[in-house]
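The next block holds one structure in the form of structure tokens; read it before the comments.
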Amino acid sequence: MVPVVSLGRMLGGALVVLALVATTAPAARAAGDCPEPPAAQTFLPWGDPAYYVPAPDGGFEAGAAGWRLSNGAAVQQGNETHQVGGDADEVSLALPAGSAATTPPVCIDVAHPTIRFFARNTGASGSSLRISVVYRGLLGIPVTLPIGAVGGGAEWQPGPAVPVVVNLLSLLGGSDDVTFHFAAVDDGGEWSIDDLYVDPYSKD
């Protein structure tokens, strides 16, 4: 499994930030107002019984539609080998060292606790892929909050379930749209990601 790198430390800092911004976060949509598309136990073969839904073009089969790609991030041929999105899927997203990718807006509320995706790294073994969530803070100004970092090897594997963290802000004002930012550190890594999913129910 792709390991989490210093996730506990990052989450500790994230919770401190949330405590500071909680009283200033703008009201959002009513709690539980996120769409509820069909969900499936996508990661059950890896011992995860939670139900997940795909993030917008999370499999990149539409050419990373709505994603923002920079510094060499690009859709590439070759799907994650487990084909959880379907046997016809054939592409993934390349994230060479120094590149970054940001999802389209994703609706998040208190019932959306984690994201999960497939990853591989064919470059330097000590490389890490950093994940942040971008949400609306004080006066609607975007705030970027680190929520995790992963390491990985050359074979496609599901990463860990990464806590969204800012979904807790929905307790104050309902649901909201956020984006997730993936940054390949300029440390010799050659990352690929595929099949990004959101856990909307956290079912056991």
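Numbering follows our numbering, in which position 8 of the sequence shown is assigned residue number 102; successive positions increment by one, without gaps. Think of the CB as a built atom: it goes at the ideal place given N, C-alpha and C, for glycine as much as any other residue. Remember, it's a predicted structure, so these values are computed and weren't measured experimentally.
- Taking a contact to require three or more Cβ pairs closer than 8 angstroms, the region 197–209 and the region 167–175 do not qualify as touching.
- DSSP links V178 through a beta bridge to no other residue.
- Inclusion of V259 and L239 in the CB contact set at 9 angstroms is warranted, their separation being smaller than that value.
- Between the region 155–167 and the region 248–257, the count of C-beta pairs closer than 8 angstroms stays below three; the two stretches do not touch.
- In summary, P294 is buried, with 16 or more beta-carbon neighbours lying within 10 Å of its beta-carbon over all protein chains present.
- Under the DSSP assignment, V228 falls in the beta strand (DSSP E) whose first and last residues are L223 to R230.
- Counting along the chain, the unbroken beta strand (DSSP E) around G242 starts and ends at P236 to V244.
- In the structure shown, P190 adopts extended strand secondary structure according to DSSP, grouped into three states.
- Between the C-alpha atoms of D142 and R210 there is a straight-line separation of about 10 angstroms.
- Secondary structure of V169 (DSSP, three-state): strand.
- DSSP places V258 outside both helix and strand once states are collapsed to three, so it counts as coil.
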